[in-house]
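Following the numbering used here, the numbering of the sequence shown begins with 425 at its first residue and continues without gaps.
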Amino acid sequence: MNIDPSEIRVMVRVATQRTGAPVHDEDLEQDAILKAVEALRKQRHVRHPRAFLMKVVRDAVRDHWHRRRSDDDLSAIDENRLARAPQFENDMDRRRQQDLLQRALLRMSERKRATLALFYSEGCSVAEIARLQNRSASAVKMDLMRARRSLAHIVRTLSDQKSR
């Protein structure tokens, strides 16, 4: 994926418009480009590159304003120009992750699902699960480890299938 500086510049302007007057700040643009490059290196695959870049730019702008906040005089801020960016993208990402996790859990065996549910959803300790399932604690630990591995593999497989 190529990162176009002019596209980042436009995204910075859009992101800063929500906080009042749009900003043209080369340092902020360069910071956003660096953060985008770093974020791309950490990702295996990006399905929605523009949305991904916009999220990185929005985070860079937010960090920029947090750093500057200590220098600014609060009385100079026009309260009528304040706005909050909607967080619907985060909600959508969270819903997609939950759907993916739910589909992956449905592909697991009932026993593994039950063990994971007792541990994560019900908050049972390994000893409590061992007592409930009439098994040793070490057997439950091994089952949890295998279930986590299996779940991670299924999630990766489903994610790869969806990106094709």
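A virtual CB, placed ideally from N, CA and C, is assigned to each residue, including glycine.
How close, in whole Å, do the beta carbons of residue i and residue j come, if the pair is a contact with beta carbons under 8 Å?
i	j	result
V550	K536	About 15 Å separates the two Cβ atoms, so there is no contact after all.
R531	I578	5 Å
E453	P429	7 Å
Could you name the residues of the same chain whose beta carbon sits closer than 8 Å to that of residue i, not counting the 5 residues immediately before and after it, in chain order?
i	result
V461	I427
L574	According to the sequence displayed, residue 574 carries Ser and not Leu. Cβ neighbours of S574 beyond the five flanking positions: M532, K536.
R520	none
Decide if residue i is buried, meaning its Cβ has at least 16 other Cβ atoms within 10 Å, or exposed.
i	result
A475	exposed
E450	exposed
M516	exposed
A576	exposed
A528	buried
E546	exposed
A571	buried
T539	buried
Suppose the cutoff is 6 Å on Cβ atoms and the five residues either side in sequence are ignored; what does the same chain contact list for residue i look like?
i	result
K459	V480, A484
D455	A484
C548	L542
M435	M478, V481
By the three-class DSSP mapping on this structure, what secondary structure does residue i have?
i	result
E546	coil
H469	coil
N558	coil
Q511	coil
I427	coil
R531	coil
D584	helix
D487	helix
D449	coil
Give me the residue from the options with the minimum Cα distance to residue i.
i	options	result
L568	V434, E534, P429, A439	E534
S583	L540, Q441, H488, Q522	Q522
Q585	H490, A554, H469	H469
Q441	H472, I457, R471, W489	W489
T581	R465, R486, L556, L524	L524
Leaving out the 5 sequence neighbours to the left and right, which residues in its chain are closer than 7 Å to residue i when beta-carbon positions are compared?
i	result
R553	The sequence given here has Ile at residue 553, not Arg. Same-chain partners within the cutoff: T539, L542, F543, V564.
Q467	none
Could you tell me whether any Cβ in chain D is nearer than 9 Å to the Cβ of residue i?
i	result
H577	Among the chains in the structure shown there is no chain D, since it carries only a single protein chain.
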